[in-house]
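Right, one structure below, let's go through it.
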Amino acid sequence: MPNKRFVTSKPKSSITNVPKLGVTKDDFIDDFKQYYVHLMGRDENSRSSPFYACEALSLSIRDRLMERRSNTDKTYNDTDSRQVFYLSMEFLMGRTLSNAMLNLGITDAASQAMHDLGIEIEELVDRELDAGLGNGGLGRLAACFIDSCATLQLPAMGYGLRYEYGMFTQTVVNGEQVEKPDHWLRHGNIWEVERLEYSLRIKLGGHTEIQTDEQGKQRVCWISTQDVLAVPFDTPVPGFKNNTVNTLRLWKAVATEEFNLDEFNAGDYAESVAAKVTAEHITMVLYPNDANENGKELRLRQQYFLASASLQDVLAYWIRQHGHDFSSFADKSCFQLNDTHPSIAIAELMRLLTDVHGLSWETAWGITRQTMAYTNHTLLPEALEKWSVKLMQRLLPRLMEIIFEINAHFMSEVASHWPGDKARLSRMSIIEEGAEQQVRMAYLAIVGSFSVNGVARLHSRLLQQGLFRDFYELWPHKFNNKTNGVTPRRWLASCNPALAALITEAIGDRWITHLEELKKLEPFAEDAGFRNRWREIKQDAKQRLIEHKKQYLDIHLNPDALFDIQVKRIHEYKRQILNVLHVIHLYDRIKRGDTDNWVPRCVLIGGKAAPGYAMAKRTIKLINNVANVINSDADVGDSLILFFLPDYRVSGMEMICPAADLSEQISTAGKEASGTGNMKLMMNGALTIGTLDGANIEIREEVGDENFFLFGLTEEQIEVRRKHYDPFAIIDQDEDLQRVMHLLESGHFNQFEPGIFDDLIASIKSRYDPWMTIADFRSYVDAQKRVEAAYQDKEHWTRMSILNCANSGKFSTDRTIREYNRDIWKLDSVPVEYP
Ligand code: 26Q
């Protein structure tokens, strides 16, 4: 049946021309009531559930976002600005409401409006579920990046997947992690708008054929595919008080109609429903690994689905604006690939430009190589993505042909650069030969991009000297560093309003968008009155964290203790076990009465383990078992408390970082690409105990050696020591460590669970322990002693705390994004008028 078009008479007035929305307290009261009563049909009795009030307020805020978003869109269209598209499998957005109010500059008006209606806004804010569409650092970085892009008025758009289920919720049962699905959409998501009108068709499976078109030109056709629809959902991304509201577009997979109908008409209802389910599986769930879980077909479907939908969308927009002339496409567009996860986009852009839009290979390759940029987030060689050629041939036959062709061209480039160097050809080939051929996605990403960057100075250097050395020799100009950051709006202004107010009182509020201004706090470190207020705010934050945790957990924390925090994914390289060894050592000191000048500590560890990562799950069990023994020992009392914080997530961190005294950043040197939790904690006045790894190096450089607790082997020392690493000899020579190992090995922490920690103990005692935990024990314990000494002098500690905050300016994503823009994207800032 032909599509009936929606025909209207000639409009007397534009349907998109609406009066401006007010932002006073009264405007919010009016709008709130409208939504609460009319749209939602609630009454006075509905007060008992804050959910409805949260919904009504959010709808009022959302209107203001939508208004500015269409304004921003229109400005970008009219100015025909160069744009960047940030492609990421993860956007770990967390909550939206309070961030939206902050950025729109309406927090006070909205709070007062709620107050007048007898509602406390904090309670509403706390109702919102996290949008947990990411694993950890990489996903949260994407969220901070789009906040900074909007704040810097850059025409930037995020593209990702709208997973039905986000990062699992973690509960702890008998000390062990239990995962529960995170059905975050169960009550709907008011921040998004479904844009069915921009749906696109994604091909999968089938085969290729060469066909001759009307002009007699030969073209490759990808046919007999099983198509899936990509439906976009748009979420507004407001800049800080600047009228810019950019867009995050997340794709949902939906079965195509004919896909169901064919089989349905043939009488096979069950088959047709099964096919629908298969199609819609694509965006059902986020893969909960923060390292590579290699080879899963569904993951490849997800990656291609994201890449193809986003590129088709960008090209469709281009054609609406410019027609079929792609000659200035590369001048106007840039794609930033968040790790190799979306890097199939390189081959997909080649396919769309050549097969679909008829460009020559050379022209298309020129465009691809001028528009794609790749960010690497890991140094662990085992985490580099590879896909089996066989799988790709079955799922994405045309893409596999294109990758072979890219590789053939690239191999001849390498051959002419290094004539006769066969070893180099095989080392650098995008196709890894072996029992089964594999596609090395990082190599595809490097070959197809004009920029390759790491996420901290050390990380970028190690990429050039190690993992990507051959490529660096061939194309040194492609390689660059972009040290990570975090957005100071969420990670200081919004999560720590009391500290933010004190800072603003001291130095004005420009720091919110120019974080280097925090430097002006330095002289205040010498002001005793200021230090007092600083301490009070930290104390209140600790108290709030304690109260909040008490609501949900059977937990006793000491507000006068040093709050020692390690929150991040559980991973061997992050060495949560080293932290536990130190806690056991402190416990041992208490038991043997070595408690002169004791500093009470609450050690809080939080983080999720990938469900298939046995060693990480066992680490959680160890933390909980050690906590049980210590926390229930009358000799220990309040002097030492260890607690595992379940379900660590974005909203959890917003509560934790204001309360932190000490930030644990203790990865094996050379393994953590950057870290970003380290930056959030520093910004909120925590001191770091850390190795020379990732961004810790730059943190120490900014704050000064005297305000940072450094320990551990350097990356170079690790690599030298590795060759003759002898944990037994180290244990032999260290009495404290012997006692700690004895407690562990004697089953002191697993009396009724014999043997459960054997693997874990064996792994740290192995000569081949890649993370060399034992090697850093002594130096770590000594650094912790320096922490205690420093904490005893309250005034001195507070001074250092202020200096940490004052020197955190570099770690704003505003700085990071300015650098991406200066070196890679080269966008003009486009101010948006709000008429
Ligand atoms: C890959 C294939 C299949 C399934 C899952 C994955 C996968 C998913 C997520 C692999 C890696 C990730 C996430 C990695 C990540 O978060 N890396 C962190 O990125 C941060 C931001 O740059 C850095 O600060 C951290 O150092 C780095 O570990």
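Residue numbers (our numbering): 315 to 1149.
By construction, the Cβ of each residue, glycine as well, lies at the ideal position given by its N, Cα and C atoms.
Burial state of residue i (16 or more Cβ within 10 Å)
{"i": "Gly453", "result": "buried"}
{"i": "Glu747", "result": "exposed"}
{"i": "Gln890", "result": "buried"}
{"i": "Tyr390", "result": "buried"}
{"i": "Lys388", "result": "exposed"}
{"i": "Thr386", "result": "buried"}
{"i": "Asp1107", "result": "exposed"}
{"i": "Glu978", "result": "buried"}
{"i": "Val551", "result": "buried"}
{"i": "Asn810", "result": "buried"}
{"i": "Asp345", "result": "buried"}
{"i": "Arg915", "result": "buried"}
{"i": "Gly920", "result": "buried"}
{"i": "Phe1023", "result": "buried"}
{"i": "Pro325", "result": "exposed"}
For residue i, the three-state DSSP class (helix, strand or coil)
{"i": "Asn1021", "result": "helix"}
{"i": "Tyr618", "result": "helix"}
{"i": "Thr933", "result": "helix"}
{"i": "Lys994", "result": "helix"}
{"i": "Tyr477", "result": "coil"}
{"i": "Val940", "result": "helix"}
{"i": "Met315", "result": "Unreliable placement is indicated for Met315, whose pLDDT of 43 sits below 50; the coordinate value is still reported in the next sentence. Correct three-state label for Met315: coil."}
{"i": "Gly446", "result": "strand"}
{"i": "Val551", "result": "strand"}
{"i": "Met403", "result": "coil"}
{"i": "Trp825", "result": "helix"}
{"i": "Ile596", "result": "coil"}
{"i": "Glu830", "result": "helix"}
Host alpha helix (DSSP H) of residue i (start-end)
{"i": "Ser513", "result": "Element bounds for Ser513: n/a, residue is neither H nor E."}
{"i": "Glu376", "result": "Going by the sequence as given, residue 376 is Arg instead of Glu. Where Arg376 is concerned, the enclosing alpha helix (DSSP H) stretches over Pro364 to Thr393."}
{"i": "Asn893", "result": "Gln890 to Lys905"}
{"i": "Glu819", "result": "Pro811 to Ile821"}
{"i": "Phe346", "result": "Lys339 to Lys347"}
{"i": "Lys1108", "result": "Lys1108 to Ala1120"}
{"i": "Val964", "result": "Val964 to Ile970"}
Same chain, Cβ closer than 6 Å to residue i, neighbours up to 5 away in sequence not counted
{"i": "Ala445", "result": "Met407"}
{"i": "Asp604", "result": "Asn449, Gly450 and Arg883"}
{"i": "Phe724", "result": "Val761"}
{"i": "Ile745", "result": "Asn721 and Gln751"}
{"i": "Arg1132", "result": "none"}
{"i": "Tyr350", "result": "Arg356 and Ala370"}
{"i": "Asp541", "result": "Arg515, Lys517 and Thr570"}
{"i": "Ala661", "result": "Leu713, Ile716 and Ile717"}
{"i": "Asp1007", "result": "Ser981, Ala983 and Glu986"}
{"i": "Gly553", "result": "Ala464 and Thr465"}
{"i": "Phe1025", "result": "Ser1093, Tyr1094 and Ala1097"}
{"i": "Lys555", "result": "Gly419"}
Spatial neighbours of residue i in its chain, beta-carbon cut-off 8 Å, leaving aside the 5 residues before and after
{"i": "Trp565", "result": "Tyr473, Gly474, Leu475, Arg476, Ala544, Val545, Pro546, Phe547, Thr597, Phe619, Leu620, Ala623 and Ser624"}
{"i": "Ala456", "result": "Tyr400, Ser402, Glu404, Phe405, Leu406, Gly448, Gly472, Gly474 and Asn652"}
{"i": "His731", "result": "Leu788"}
Residues that residue i bridges to, as DSSP identifies them
{"i": "Cys648", "result": "Val398"}
{"i": "Leu1001", "result": "Leu976"}
{"i": "Ala470", "result": "Val398"}
{"i": "Ala687", "result": "Gln650 and Ser765"}
{"i": "Thr522", "result": "Trp536"}
{"i": "Lys494", "result": "Thr483"}
{"i": "Arg754", "result": "Lys700"}
Beta-carbon proximity list for residue i, same chain, < 7 Å, skipping 5 on both sides
{"i": "Met315", "result": "Below a pLDDT of 50, predicted positions are generally treated as unreliable, and Met315, at 43, falls in that range; the measurement from the model is reported next regardless. Nothing listed; no residue qualifies."}
{"i": "Val628", "result": "Phe399 and Ser647"}
{"i": "Lys700", "result": "Asn608, Glu746, Gln752, Val753, Arg754 and Met755"}
Range covered by the beta strand (DSSP E) that runs through residue i
{"i": "Thr561", "result": "Val559 to Ala569"}
{"i": "Phe957", "result": "Leu954 to Leu959"}
{"i": "Cys535", "result": "Gln532 to Ile537"}
{"i": "Phe877", "result": "Leu876 to Val881"}
{"i": "Asn794", "result": "Phe793 to Asn795"}
Near ligand 3: residue i beta-carbon under 6 Å from a heavy atom
{"i": "Ser988", "result": "The model depicted lacks ligand 3 and carries ligand 1 instead."}
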